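Residue 197 in full-length UniProt numbering sits at position 197 of the sequence shown, and the numbers go up by one each step.
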Amino acid sequence: MSGARAILHVDMDAFFASVEVREDPRLRGLPVLVGGAGRRGVVAAASYEARKFGCRSAQPMAVALRLCPHAVVVAPRHELYAEVSRAVFAVFERFSPLVEGLSIDEAFIDLAGTERLWGPPRRAAEALQAAVLAETALTCSVGIAGVKFLAKIASGMHKPNGLTEIAAGSELEFLATLPIGELWGVGPRTQEKLARRGVATVGDLRRFGEAALVEMFGAHGLHMHRLSLGIDERAVVPDRAAKSLGHEDTYAVDVVGVPELRRCLLSQATRVADRLVAQGLRARCVCLKIRDGEFVTETRQCTLPRATDDHREIHGAACRLLEAVDTDGRGFRLTGVSVSQFESPQAEQQQLDLLAPASEPPPRSAALQAVLSAVRERHGHQALFPAEAGSERRPGTTGAITHSRPSEPPKRRR
Ligand code: DCP
Ligand code: MG
């Protein structure tokens, strides 16, 4: 394996649900749904026991409860998850300085130069799973490969508590039978177009050939061809200076109507807020991105009176931006929420200190204050995330975490 890159992709198993089970052991072994219990509630996380009944993230709670009427519904506690996320990332960072967070519960870790300390990649991955379990009482699944996209696919293959290695030299064999929808950036429409040409697996894609793919899809075709060969040169970048972060989803079926769009934006605003809290950041600028069935994309942004990490404020701003979009008679294939113009609580605290040197801390919940203190302790120790990674959110929906797009790439600090 010497000379080959070894990248881990680590993803916590049923993250919010597993944290809730850890906090209340009576829930162990039961189908657990974390999310809003009201009529309009949505499932944020489903335990693996609940998934056997077909329950999934992003499903309306009412649907999940029809599938699994005896499931235990738990209200989300985002500050707690942010705190656990930091503990998990602290473990990751002991294994390598090259940790690139993708969301509250997943990261890439480049093992370059760690072999003497941790041994070969598989041994390092086993040690990492053991350390995460010992320190947080939670399991994670790990993928090992020479490139990012393969590591990410691998981590999802044997969830929960899985460890999957795509060994150097076996990439093409692995890819041959993989459905093309498993590749980053290959959404339902691309799949449909290719299916009409008889392309279903990545092996088919490779044989279809570069020229034909470029003719059909331009630069995206070239990208897909390279992925079909197992080529992905993107580095693991522990980026501490991203200018924006966001989350967007591409839907298998176009979303119609303001209420449904608002629901989509709520899921995205919540994820963005989670990551702000996890990073110890607040943002002033909120941006809505929306793309209709004809691929017409609109982005709108606004500046808030003060920086926030509160999902309700971010969601409220996104909904106000949505009001300016003509939604009548249009279906939308993508929505996204991103935030920028970050302020760190440190800066905010300094400003408050200047205004009132001997005053009390700013009014916040004790839990959040604790989280923020821990963040301060770890100042500068967090990575913001890269643009390209996606996570499945609901069947047929492709999620993407976005950063610093479209204006400029994040500054990299080494
Ligand atoms: N999440 C959310 N809304 C979604 C999807 C996810 O609030 N639509 C939250 C809850 C999840 C957490 O993000 O626990 C991590 O998302 P993952 O996609 O990694 O899903 P899980 O960790 O829950 O499950 P898995 O074991 O499949 O990774
Ligand atoms: Mg997960």
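Cβ coordinates follow ideal geometry from the N, Cα and C atoms, glycine included. No experiment lies behind these values; they were computed from the predicted model shown.
With contact defined as three or more Cβ pairs closer than 8 Å, the segment 300-307 and the segment 276-287 are in contact. Between the ligand DCP and the CB of D309, the shortest heavy atom gap is not smaller than 7 Å. With contacts defined by Cβ atoms closer than 8 Å, P25 and V72 do not form a contacting pair. Between E210 and H225, the CB-CB gap stays under 8 Å.
Residue range 99-103 is occupied by the beta strand (DSSP E) that includes E100. Chain order is used for the residues whose beta-carbon lies nearer than 7 Å to a heavy atom of the ligand MG, namely D11, M12, D13, A14, F15, D105, E106.
The bridge partners DSSP lists for F108 are H9, E100. Look at P259 here: in three-state DSSP terms it is helix. Counting C-beta atoms within 10 angstroms of its own C-beta, L65 has 16 or more neighbours from the protein chains shown and is therefore classed as buried. Excluding its 5 nearest sequence neighbours in each direction, V199 has C-beta neighbours in its own chain below 8 Å: I180, L205, F208, listed in chain order. Of the heavy atoms belonging to the ligand DCP, at least one sits nearer than 7 Å to the Cβ of T270.
Rounded to whole angstroms, the separation of the alpha carbons of F92 and L128 is 7 Å. By the Cβ criterion, the segment 132-142 is in contact with the segment 155-163, since at least three pairs of Cβ atoms, one from each stretch, lie closer than 8 Å. Residue E171 holds the alpha-carbon nearest to the alpha-carbon of G146 among A125, E126, G203, E171. Listed in chain order, the non-local C-beta contacts of L67 below 7 Å within the same chain comprise F53, G54, C55, local neighbours out to five positions each way being set aside. Between L266 and V339, the C-beta spacing is not below 8 Å. DSSP places V19 within a helical segment (H, G or I) once states are collapsed to three. Here E192 carries a helix assignment [DSSP, helix/strand/coil]. Between the alpha carbons of A318 and P121 lies a distance of about 42 Å. Linking L33 to G280 through their CA atoms gives a straight-line distance of about 27 Å.
In the structure shown, the three-state DSSP call for C319 is helix.
For K159, the shortest C-beta to heavy atom distance toward the ligand DCP is below 7 Å.
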